[in-house]
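*Asks:* Residues 15 to 144 (this note's numbering) are what the sequence shown spells out, left to right. Glycine included, C-beta positions come from ideal geometry on N, C-alpha and C.
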Amino acid sequence: MVGVQAYRSVDLGASAQTASPHQLISMLLTGALEAIAKAKGAIERKDIEARTMQINKASSIVVELKECLDVKAGGELAQNLESLYSYITVTLMHANRENSIDRLNEAAKLIGEVLDGWSQIPPEMRGQKD
């Protein structure tokens, strides 16, 4: 199943194996948000190693989401998501380099907006009912 590797990187267990594609994307987005929240805590504690680990985890998830996009089938929406995921990845890279909570907040806001939109997709349009 697409994205299972990235999902495993957020230590959320066996539920990824039985999740629908829609649920899996939701879990990945949530996992990225959780990693960003942990990275912010690490910055506040001045824990460089934890900050780097959590930002790398969030980046890995976003990269996986980007790589899973089917731009041909998804058209303009998939292209826009691809650009957004690239921007988020760069923002996370800058957050790590600059030790910036503001950059992490920006990435989290964007991921949160994607998750909110994703959550609003009606069950009948998800390809598989949850």
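Quick one: Cα of P35 to Cα of S73, how far?
*Replies:* Residue mapping note: residue 35 aligns to position 21 of the sequence shown, counting from 1. Residue mapping note: residue 73 aligns to position 59 of the sequence shown, counting from 1. Computed Cα separation, rounded: 20 Å.
*Asks:* Could you give the distance in angstroms between the alpha-carbon of D84 and the alpha-carbon of A92?
*Replies:* As a position in the sequence shown, residue 84 is number 70, starting the count at 1. As a position in the sequence shown, residue 92 is number 78, starting the count at 1. Going from the Cα of D84 to the Cα of A92 covers about 7 Å.
*Asks:* Would you report the Cα separation of E138 and R117, rounded to the nearest angstrom?
*Replies:* By one-based count along the sequence shown, residue 138 stands at place 124. By one-based count along the sequence shown, residue 117 stands at place 103. About 36 Å.
*Asks:* Would the segment 40-52 and the segment 74-82 be scored as touching if the rule is three or more Cβ pairs under 8 Å?
*Replies:* Touching, yes, given that three or more Cβ pairs across the two stretches are closer than 8 Å.
*Asks:* Buried or exposed for T105, going by 16 or more other Cβ atoms inside 10 Å?
*Replies:* Taking the first residue of the sequence shown as 1, we reach residue 105 at position 91. Flag for T105 reads buried.
*Asks:* Do A220 and Q68 have their CB atoms nearer than 8 Å?
*Replies:* Any property of residue 220 remains undetermined from this structure, which presents the chain solely from 15 to 144.
*Asks:* What separation, rounded to the nearest whole angstrom, lies between the Cα atoms of R59 and I115?
*Replies:* By 1-based counting over the sequence shown, the position of residue 59 is 45. By 1-based counting over the sequence shown, the position of residue 115 is 101. If you take the alpha carbons of R59 and I115, they lie about 12 Å apart.
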